[in-house]
Amino acid sequence: MATTVNIKLSRSNRIYRSSEQVEGKIVIKSPTSISHQPIRLSVNGSVNLQVRGGSAGVIESFYGVIKPITIIKKTIEVRSSGKFASGTTEIPFSVNLKEHGESIVEKFYETFHGTNINIQYLLTVDIPRGYLYKPLSATMEFIIESGRVDLPERPIPPELVIFYITQDTQRHPLLPEIKTGGFRVTGKLATQCSLQDPLSGELTVEASSVPITSIDIHLVRVESIIVGERIVTETSLIQSTQIADGDVCRNMTLPIYVLLPRLLVCPSVFAGPFSVEFKVCIAISFKSKLAKAQPKSDPTAPRLWMAMERLPLELVRTKRDQYSC
Numbered sequence: 007m008a009t010t011v012n013i014k015l016s017r018s019n020r021i022y023r024s025s026e027q028v029e030g031k032i033v034i035k036s037p038t039s040i041s042h043q044p045i046r047l048s049v050n051g052s053v054n055l056q057v058r059g060g061s062a063g064v065i066e067s068f069y070g071v072i073k074p075i076t077i078i079k080k081t082i083e084v085r086s087s088g089k090f091a092s093g094t095t096e097i098p099f100s101v102n103l104k105e106h107g108e109s110i111v112e113k114f115y116e117t118f119h120g121t122n123i124n125i126q127y128l129l130t131v132d133i134p135r136g137y138l139y140k141p142l143s144a145t146m147e148f149i150i151e152s153g154r155v156d157l158p159e160r161p162i163p164p165e166l167v168i169f170y171i172t173q174d175t176q177r178h179p180l181l182p183e184i185k186t187g188g189f190r191v192t193g194k195l196a197t198q199c200s201l202q203d204p205l206s207g208e209l210t211v212e213a214s215s216v217p218i219t220s221i222d223i224h225l226v227r228v229e230s231i232i233v234g235e236r237i238v239t240e241t242s243l244i245q246s247t248q249i250a251d252g253d254v255c256r257n258m259t260l261p262i263y264v265l266l267p268r269l270l271v272c273p274s275v276f277a278g279p280f281s282v283e284f285k286v287c288i289a290i291s292f293k294s295k296l297a298k299a300q301p302k303s304d305p306t307a308p309r310l311w312m313a314m315e316r317l318p319l320e321l322v323r324t325k326r327d328q329y330s331c
């Protein structure tokens, strides 16, 4: 049996706030006794930015990787030099992410894994064993959420944004029968939403000369990075929810109730070198032979048989979104 090293945190969900201590234990399992030098535990948090070839120009791709933004980087010694007995050894640890009175260069952004932006916090234990032996190490990611101090009890309920979708509001070409026959869809949607709450609103098809086949709500993430003097933006679809299937009754109010995907969203971020924003895309598909003939691709891309409306969405975290300690 080979010697193994693992990090086990005190919280099974691995969620912490920047003002708290990250606690746990280092578990070493070895078939024989081993000697070791001082054992150190490192905490690293950073914003990793990348621009893929499809998003950037030749010059940006040539210059390569964008330098990460360091949020936290510290190392503590958890045990001095010594020897482990055979079997299982557990070493408890506790590390403060932010010491009292300590000046932090960067804000503790929430953990986020996007297409071009990754905000990640890692614990790494290193066990050196001298020149003749391979060192032992282990790494574990933990999750940072916003602290309670800076959070509102809940967002102030905003007025629902009223929208209307007609053939005249579309910025892309429509099929002649849709353009000339006309249609009108109205509704309202909340453009600020707590991460714990559903995206809510309502929609009404007032008129449509061409039968409707589907009405969908697409949640879109927009990641922006400043590269030199340019802003490189990557838009990705993270969730689609169908709220109507088939030709819906006219003048009947349809509820919009969309649960947010916990692992794919975060509070909207507007930092200096990067930002993470969200949008809601309301897509109405009309009956057309052309739609059946063409292969499915990005559902948010304009099509001749579709009408669309895009609305900004601000996601926020409130105190009631926090887990219970």
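Residue numbering for the sequence shown follows my numbering, starting at 7 and increasing by one per position.
The beta-carbon is built from N, C-alpha and C at its ideal position, and this holds for glycine as well.
Note that the structure is predicted; figures quoted are calculated from it, not measured.
| message | Considering only DSSP beta bridges, list what residue 178 is partnered with. | response | Translated into positions along the sequence shown, residue 178 becomes position 172. DSSP lists no partner for residue 178.
| Expected contact under 8 Å - CB spacing of residue 30 and residue 13 to nearest Å | The count along the sequence shown starts at 1 and reaches residue 30 at position 24. The count along the sequence shown starts at 1 and reaches residue 13 at position 7. Indeed, because the Cβ distance is near 6 Å, the residues count as touching under 8 Å.
| Across which residues does DSSP place residue 284 in a beta bridge pair? | For this step, residue 284 is matched to residue 278 along the sequence shown. Answer is 227 and 319, bridged to residue 284.
| query | When you compare only the Cα positions, how much space is there between residue 77 and residue 277? | reply | Along the sequence shown, one-based indexing puts residue 77 at 71. Along the sequence shown, one-based indexing puts residue 277 at 271. Taking the straight line from one Cα to the other gives about 13 Å.
| What is the C-beta distance between residue 267 and residue 244, in whole angstroms, given that I count them as a contact (C-beta under 8 Å)? | Locating residue 267 in the sequence shown gives position 261, counting from the first residue. Locating residue 244 in the sequence shown gives position 238, counting from the first residue. Yes, residue 267 and residue 244 are in contact; Cβ-Cβ is about 6 Å, under 8 Å.
| query | Between the C-alpha atoms of residue 66 and residue 230, what's the straight-line distance to the nearest angstrom? | reply | As a first step, residue 66 is located in the sequence shown; it is residue number 60 there, counting from the start. As a first step, residue 230 is located in the sequence shown; it is residue number 224 there, counting from the start. In this prediction, residue 66 has a pLDDT of 48, which is less than 50 and means its spatial position is unreliable; what the coordinates show is noted afterwards. Cα-Cα distance, rounded: 14 Å.
| said: Whole angstroms are fine: how far does the CA of residue 322 sit from the CA of residue 69? | reply: One-based indexing of the sequence shown puts residue 69 at position 63. One-based indexing of the sequence shown puts residue 322 at position 316. Caution applies to residue 69, whose pLDDT of 47 falls short of 50 and renders its modelled position unreliable; the model cannot decide the point.
| Which word fits residue 222, buried or exposed, when buried means at least 16 other C-beta atoms lie within 10 angstroms of its C-beta? | Position 216 of the sequence shown, counted from the first residue, corresponds to residue 222. Classification of residue 222: buried, given that the 10 Å Cβ count is 16 or more.
| request: Give me the Cα-Cα distance between residue 123 and residue 237, rounded to the nearest whole angstrom. | output: As a working mapping, residue 123 is identified with position 117 in the sequence shown. As a working mapping, residue 237 is identified with position 231 in the sequence shown. Distance between the alpha carbons of residue 123 and residue 237 is about 13 Å.
| request: Would you give the residue range spanned by the alpha helix (DSSP H) that residue 295 belongs to? | output: Indexing the sequence shown from 1 puts residue 295 at position 289. Run containing residue 295: 295-299, per the alpha helix (DSSP H) assignment.
| query | Which residues share a DSSP beta bridge with residue 199? | reply | As a position in the sequence shown, residue 199 is number 193, starting the count at 1. In DSSP, residue 199 forms a bridge with 321.
| request: State the DSSP-derived secondary structure class of residue 306, mapped to helix, strand or coil. | output: As a first step, residue 306 is located in the sequence shown; it is residue number 300 there, counting from the start. Three-state DSSP puts residue 306 in coil, outside helix and strand.
| message | Assuming contact is defined by CB atoms lying nearer than 8 Å, are residue 285 and residue 228 in contact in what I supplied? | response | What you label residue 285 is simply residue 279 of the sequence shown in a count that begins at 1. What you label residue 228 is simply residue 222 of the sequence shown in a count that begins at 1. In this structure, residue 228 lies closer than 8 Å to residue 285 by Cβ.
| query | Can you tell me whether DSSP reads residue 208 as helix, strand or coil? | reply | Residue numbering aside, residue 208 sits at position 202 when the sequence shown is read from its first letter. Reduced to three states, the DSSP call for residue 208 is strand.
| field | Contact between the region 176-186 and the region 289-305 (3+ Cβ pairs under 8 Å) | value | yes
| Through-space distance from residue 83 to residue 132, alpha-carbon basis | For the purposes of this step, residue 132 is identified with residue 126 of the sequence shown, where counting begins at 1. For the purposes of this step, residue 83 is identified with residue 77 of the sequence shown, where counting begins at 1. Answer to the nearest angstrom: the Cα atoms are 10 Å apart.
| Given a threshold of 16 other Cβ atoms within 10 Å of its Cβ, counted over all protein chains shown, does residue 125 qualify as buried or as exposed? | Stepping through the sequence shown from its first residue, residue 125 is reached at position 119. By the neighbour-count rule (16 or more Cβ atoms within 10 Å), residue 125 is buried.
| Can you pull the DSSP bridge partners for residue 98? | Position 92 of the sequence shown, counted from the first residue, corresponds to residue 98. According to DSSP, which records beta bridges pairwise, residue 98 is partnered with 31.
| Whose C-alpha, out of 113, 204 and 213, is nearest the C-alpha of residue 262? | Position 256 of the sequence shown holds residue 262. Here the closest residue by C-alpha is 204.
| field | Alpha-carbon spacing of residue 140 relative to residue 42, whole angstroms | value | If you number the sequence shown from 1, residue 140 lands on position 134. If you number the sequence shown from 1, residue 42 lands on position 36. Looking at the two C-alpha atoms, the distance is approximately 11 Å.
| query | With distances taken from CA atoms, which of 173, 56 and 201 is nearest residue 73? | reply | Residue 73 sits at position 67 when you count from the first residue of the sequence shown. For residue 73, the nearest C-alpha among the options comes from 56.
| query | Would residue 49 pass as a contact of residue 138 if the rule is Cβ separation under 8 Å? | reply | Looking up residue 49 in the sequence shown gives position 43. Looking up residue 138 in the sequence shown gives position 132. No, these two residues do not count as a Cβ contact at 8 Å.
| message | Using only the alpha-carbon positions, how far apart do residue 249 and residue 312 sit? | response | The residue given as residue 249 occupies position 243 in the sequence shown. The residue given as residue 312 occupies position 306 in the sequence shown. So the two alpha carbons sit approximately 15 Å from each other.
| task | State the CB to CB distance for the pair residue 187 and residue 209, rounded to an integer number of angstroms; the pair is presumed to be in contact (CB under 8 Å). | result | For the purposes of this step, residue 187 is identified with residue 181 of the sequence shown, where counting begins at 1. For the purposes of this step, residue 209 is identified with residue 203 of the sequence shown, where counting begins at 1. Residue 187 to residue 209, Cβ: 20 Å. No contact.
| If you draw a straight line from the alpha carbon of residue 190 to that of residue 115, how long is it in whole angstroms? | Within the sequence shown, numbered from 1, the residue matching residue 190 stands at position 184. Within the sequence shown, numbered from 1, the residue matching residue 115 stands at position 109. Using only the alpha carbons, I get a separation of about 42 Å.
| Apart from the five residues just before and just after residue 171, which ones in its own chain have a Cβ nearer than 6 Å to its Cβ? | Start at 1 with the first residue of the sequence shown, and residue 171 comes out as number 165. Within the same chain, residue 171 has close Cβ partners 191, 313 and 315.
| message | Contact defined as beta carbons within less than 8 Å: I believe residue 265 pairs with residue 167. What is the distance between those atoms, to the nearest angstrom? | response | The residue labelled residue 265 in the question sits at position 259 within the sequence shown. The residue labelled residue 167 in the question sits at position 161 within the sequence shown. With a Cβ gap of about 20 Å, residue 265 and residue 167 do not count as contacting.
| Which term fits residue 269, buried or exposed, when burial requires 16 or more other beta carbons within 10 angstroms of its beta carbon? | Here residue 269 corresponds to residue number 263 of the sequence shown, with the count starting at 1. The residue in question, residue 269, is exposed, as its Cβ has fewer than 16 Cβ neighbours within 10 Å.
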